[in-house]
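A.B. asks: In full-length UniProt numbering, the protein residues as written are 1 to 569.
Given below as structure tokens:
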């Protein structure tokens, strides 16, 4: 049985939650409302407001999901006559729509058993180098809600979801034996921890003997097989114009090659029903079980499909995405698809097909293309992780860059907690703690500050993001951090984001920093990002400050601590 983490759990940073409503579906991302009035500077404003993403009602979200399922259901689909029982092992693919593992299991069997394993190494483990919680409370909650929604959607399709707490290599072989399953279908991963689990599951299944029907000596007993399927990317790995080992090391080269020489496969169709589940064996393993009741769904496939509908069709935001995507405040400056992509509740191919449908029915422009451009970035990091393996987690990154970094704990904690003395950094880090989300622009800024201005080991930042982010996946997270730290594949090795320039460009009125730092609301808008003595002391000087420190914060001038390593050029 799954339970919410208690507020006293060590996995629980301080965070902002929407109020629960037992009779209404509220689907999340807990994000500040963008339409804050100019009076937001008032110190009398109460607790932070939060906007649900999507903002659809329960009926609207359900209707959007049902409509999507209807469009992808094919009444003519038939099973291929494989017989027996197949297991679907859900991992980071918590959806029914465009889930090839589900469809192939259905086609190759008479009965399907969906299973999810709550692996304690993920739910209660620690990050590799610095021992941060591997899954923070916000992502744990989001995952539980994704599972609840998956269970609901499977029930609509004639199945259910078996949830078990334990290691997949222990759970799946015992379940396969109980229900005499011939195959376990799952989506293939690319990073080492996930690959190790795949190996252990395969070894465990090899120890299970499934008796075959018919007279003795006619059919030999057999072992259940693990069938892995590629399904996490926009472009299928088999459709790339090069092998993974020959993947270009520069994103632009990769993008141009796949756009000109590869095609995105169509979303897989669904039969009218995926049932039935196995008729026997479930009692032996304790029945279906259940997860905590009385929750409101803030994650899951229905929320994901509702968000696509809302952002593309209801609010018509897709046509301006490229113009607004660098925003930092509010629910609609960007798609906010990433948490559902990371959990597998949303298929990138479905997003692509919706973009194409939007282009046919409404408009095709730079903004509609740019959503696909960003999905190709996501593909690129996934394929890079397959090419370079564990090097994306190492200090020197894929290029094995030799640099010296500080691991100064006090400095790192000032960054982690939003106490650096730089409002733009502090506001972004407080948003991460409160919501489990940070804008793409914000992520680049806080990364640059940590590694360029503080000189802190980039892996500390990457592992803290691993703890906190709702949309964490190892390939994208560590790919972006190696990129930002200058140890990845970026041709511009020493990428630097000037805080004064970023603040002037993306938060000119200080609306964002004043939202997350209430003490700045009484300051004139043009000074909120440069508040001088009106804000806390800066922990380090900027590498390039554009003169703002000298003019506005002379009281705070200080030298870089002597115990800090400088990066070696």
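Idealized CB from N, CA, C, for every residue including glycine.
1) As a quick exercise: from 155, 207, 304, pick the residue whose alpha carbon is nearest that of residue 582.
2) What residue does the beta strand (DSSP E) around residue 481 start on, and which one ends it?
3) Would you say residue 210 and residue 182 are within 8 Å of each other, going by their C-beta atoms?
4) So residue 470 packs on residue 142, CB below 8 Å; how close in whole Å?
5) Considering only C-alpha positions, which residue in the set 277, 535, 462, 488 is nearest to residue 129?
6) Going by Cα to Cα distance, which pick from 518, 176, 350, 402 is closest to residue 207?
7) Can you name, in chain order, every residue of its own chain whose Cβ lies under 6 Å from the Cβ of residue 74, other than the five neighbours on each side?
8) What residue from 370, 535, 249 has the CA that sits closest to residue 385's CA?
9) Helix, strand or coil: which one does DSSP assign to residue 543?
10) If you run the structure through DSSP and keep just helix, strand and coil, what is residue 183?
11) To the nearest whole angstrom, what separates the beta carbons of residue 204 and residue 259, a pair I think is in contact under 8 Å?
12) Is the beta carbon of residue 413 sitting closer than 8 Å to the one on residue 516?
13) Measure how close the beta-carbons of residue 448 and residue 495 come, nearest whole angstrom, since I'm counting them as under 8 Å.
14) Rounded to whole angstroms, what is the Cα-Cα separation between residue 166 and residue 115?
15) Between the stretch 439–459 and the stretch 349–358, do at least 3 Cβ pairs fall closer than 8 Å?
16) Tell whether a beta-carbon distance below 8 Å holds between residue 150 and residue 69.
17) Out of 460, 54, 368, which one is the CA nearest neighbour of residue 410?
18) Quick one: what's residue 227 bridged to in DSSP?
19) Cβ atoms of residue 363 and residue 405: under 8 Å apart, would you say?
20) Using the Cβ count rule (16 or more neighbours within 10 Å means buried), how would you classify residue 157?
21) Thinking residue 251 and residue 377 are a contact (beta carbons under 8 Å), I'd like their distance in whole angstroms, please.
22) May I have the straight-line CA-CA distance separating residue 236 from residue 534, to the nearest angstrom?
23) At which residues does the alpha helix (DSSP H) containing residue 265 begin and terminate?
24) Leaving aside the five residues before and after residue 426 along the sequence, list all residues of the same chain whose C-beta is less than 7 Å from its C-beta, in chain order.
25) Between which residues of its own chain and residue 284 is the CB-CB distance below 7 Å, once the five residues before and five after are set aside?
C.D. replies: Taking the coordinates as given:
1) Since the first residue of the chain shown is 1 and the last is 569, residue 582 is not available in this structure.
2) It is not in any beta strand (DSSP E) - residue 481 instead sits in the alpha helix (DSSP H) that spans 474–485.
3) Yes, Cβ-Cβ distance for residue 210 and residue 182 is below 8 Å.
4) 5 Å
5) 462
6) Here the closest residue by C-alpha is 176.
7) Excluding residues within five positions, the ones whose Cβ falls inside 6 Å are 269.
8) Nearest C-alpha to residue 385: 249.
9) coil
10) strand
11) With 8 Å as the limit, residue 204 and residue 259 do not qualify as a contact, their Cβ atoms being about 41 Å apart.
12) Not closer than 8 Å, so no.
13) 7 Å
14) Whole-angstrom Cα-Cα distance: 12 Å.
15) no
16) Not in contact: residue 150 and residue 69 (Cβ atoms no closer than 8 Å).
17) 460
18) 185
19) no
20) buried
21) 7 Å
22) The C-alpha of residue 534 is placed about 53 Å away from the C-alpha of residue 236.
23) Careful: residue 265 lies outside any alpha helix (DSSP H) and carries neither H nor E.
24) 418, 419, 420, 517
25) 178
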